[in-house]
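Chemist: Numbering (the numbering used here), first residue to last: 1389 to 1607. Below: one structure in structure tokens.
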Amino acid sequence: MMRGMIRNLFYNCCAISHSEEWLLNINKLNTYSHVFNGRKLVIVRTGENIVEPNLVREAFDFDAEFIYLPNNTELQEVSGFIETLGQLESINPDERTFYAHTKGVRYAPTDAKLETIRIWRNAMYDGCLSNIPQVDKVLDTYSCCGCFLLKYPFVRNKWLFAGSFWWVNHAKLFSQPSWKVTRDDKYSTEHYLSGLFPSRASFYLNEGRDKQTMRYIKT
């Protein structure tokens, strides 16, 4: 009998109104909505210079549990991260959650960096979501997996998935007593997993293609 994998989505959406980058993110996520057969939690940020929440909600072509939280310009996606993650708490080894966010929304449409950000984020959506059999197999052994894995060779256990797109196994995450601990800064979601797991517990999903992408971006 095949095991029934449960795949949840935890997504942070900040729809800054100066561009449609938020919508491009959601459109990309929509193409992979079939991946998620568990709970789908979507934080929708509210506040000044942010698209009206109902319009944001309408952009998703799948059902989800929408959580409306004020935008915190200092903490950004870290605000409400642990509290929302806690709604998914379980120690089922066949349950896993994908975390991502609307990357690139803070850049103005004329910003020269935006083209690079779009290439990067599309590579992360595709790298994390296009080969789910691989993800399921990897997370039977590893605690987490993702794209653009960076390791710092001269600093003990310093590593991260650059860009904050990653999968995590529930049993390995929520069995950690310190899963509720996070740094009080806007980069905490990138460093969150490395505070729980050694680098050997992480798996690089898209290593070869990521390196090609980075070489292309830098040229």
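Glycine is no exception: its CB is placed at the ideal position from the N, C-alpha and C atoms.
#1: Using 8 angstroms as the threshold, is the C-beta distance between residue 1555 and residue 1527 below it?
#2: Please state if the CB of residue 1484 and the CB of residue 1558 are separated by a distance shorter than 8 angstroms.
#3: Taking the alpha carbon of residue 1560 as the point to measure from, which residue in 1601, 1402, 1393 and 1532 has its own alpha carbon closest?
#4: Tell me which same chain residues have a C-beta within less than 6 angstroms of the C-beta of residue 1449, skipping the five on either side of it?
#5: Is residue 1595 near the ligand NAP - that is, is its Cβ less than 7 angstroms away from at least one heavy atom of it?
#6: So within the region 1443 to 1495, which uninterrupted beta strand (DSSP E) runs reach at least 3 residues, ignoring any that extend past its ends?
#7: Given a cut-off of 8 angstroms on the beta-carbon distance, is the pair residue 1493 and residue 1409 in contact?
#8: Which value, in whole angstroms, describes the spacing of the CA atoms of residue 1586 and residue 1475?
#9: Would you list the one or two residues that DSSP bridges to residue 1434?
#10: Tell me whether residue 1542 sits in a helix, a strand or coil according to DSSP, three-state version.
#11: Please state the DSSP three-state secondary structure of residue 1395.
#12: How many whole angstroms separate the CB atoms of residue 1534 and residue 1593, which I take to be in contact at a CB cut-off of 8 angstroms?
#13: Using the beta-carbon count (16 or more within 10 Å), is residue 1433 buried or exposed?
#14: From the DSSP output, in three-state form, read off residue 1527 for me.
#15: Could you give the DSSP three-state label for residue 1423: helix, strand or coil?
#16: Taking the alpha carbon of residue 1584 as the point to measure from, which residue in 1529, 1567 and 1598 has its own alpha carbon closest?
#17: Taking C-alpha atoms, which residue in 1482, 1431 and 1423 lies nearest to residue 1460?
#18: Specify the secondary structure class of residue 1516 as computed by DSSP and reduced to three states.
#19: Run through DSSP, which three-state label would residue 1536 get?
Modeler: So, from the data block:
#1: For the purposes of this step, residue 1555 is taken as the residue at position 167 of the sequence shown. For the purposes of this step, residue 1527 is taken as the residue at position 139 of the sequence shown. Pairing residue 1555 with residue 1527 gives a Cβ-Cβ distance under 8 angstroms.
#2: Position 170 of the sequence shown, counted from the start, is the residue given in the question as residue 1558. Position 96 of the sequence shown, counted from the start, is the residue given in the question as residue 1484. Yes, these two residues count as a Cβ contact at 8 angstroms.
#3: Position 172 of the sequence shown, counted from the start, is the residue given in the question as residue 1560. Nearest of 1601, 1402, 1393 and 1532 to residue 1560, Cα basis: 1532.
#4: As a working note, residue 1449 is residue 61 in the sequence shown. The answer, listed in chain order, is 1418.
#5: The ligand NAP is not among the ligands present in this structure, which contains no ligands whatsoever.
#6: 1453 to 1458 and 1483 to 1489
#7: Taking the first residue of the sequence shown as 1, we reach residue 1493 at position 105. Taking the first residue of the sequence shown as 1, we reach residue 1409 at position 21. Yes, the pair counts as a contact, with Cβ atoms nearer than the cut-off.
#8: The count along the sequence shown starts at 1 and reaches residue 1586 at position 198. The count along the sequence shown starts at 1 and reaches residue 1475 at position 87. Each residue's Cα considered, the two are about 25 angstroms apart.
#9: Position 46 of the sequence shown, counted from the start, is the residue given in the question as residue 1434. Residue 1434 has 1458 as its beta-bridge partners, per DSSP.
#10: The residue labelled residue 1542 in the question sits at position 154 within the sequence shown. Confidence in residue 1542 is poor, its pLDDT being 46 and thus under 50, which makes the residue's placement unreliable; the coordinate value appears in the next sentence. Residue 1542 falls in the coil class under three-state DSSP.
#11: Taking the first residue of the sequence shown as 1, we reach residue 1395 at position 7. Residue state, collapsed to three classes: strand.
#12: The sequence position of residue 1534 within the sequence shown is 146, counting from 1. The sequence position of residue 1593 within the sequence shown is 205, counting from 1. The pair is a contact, with the Cβ atoms about 6 angstroms apart (cut-off 8 angstroms).
#13: Taking the sequence shown and counting its residues from 1, the one referred to as residue 1433 is at position 45. By the 10 Å Cβ count, residue 1433 comes out buried.
#14: The residue you call residue 1527 lines up with position 139 of the sequence shown. Residue 1527: coil per DSSP, three-state reduction.
#15: As a first step, residue 1423 is located in the sequence shown; it is residue number 35 there, counting from the start. Residue state, collapsed to three classes: helix.
#16: Taking the sequence shown and counting its residues from 1, the one referred to as residue 1584 is at position 196. Cα-wise, what sits closest to residue 1584 is 1567.
#17: Within the sequence shown, residue 1460 is the residue found at index 72, counting from 1. Nearest option by C-alpha distance: 1431.
#18: In the sequence shown, residue 1516 corresponds to position 128, counting from 1. Correct three-state label for residue 1516: helix.
#19: Residue numbering aside, residue 1536 sits at position 148 when the sequence shown is read from its first letter. Coil at residue 1536, not helix or strand.
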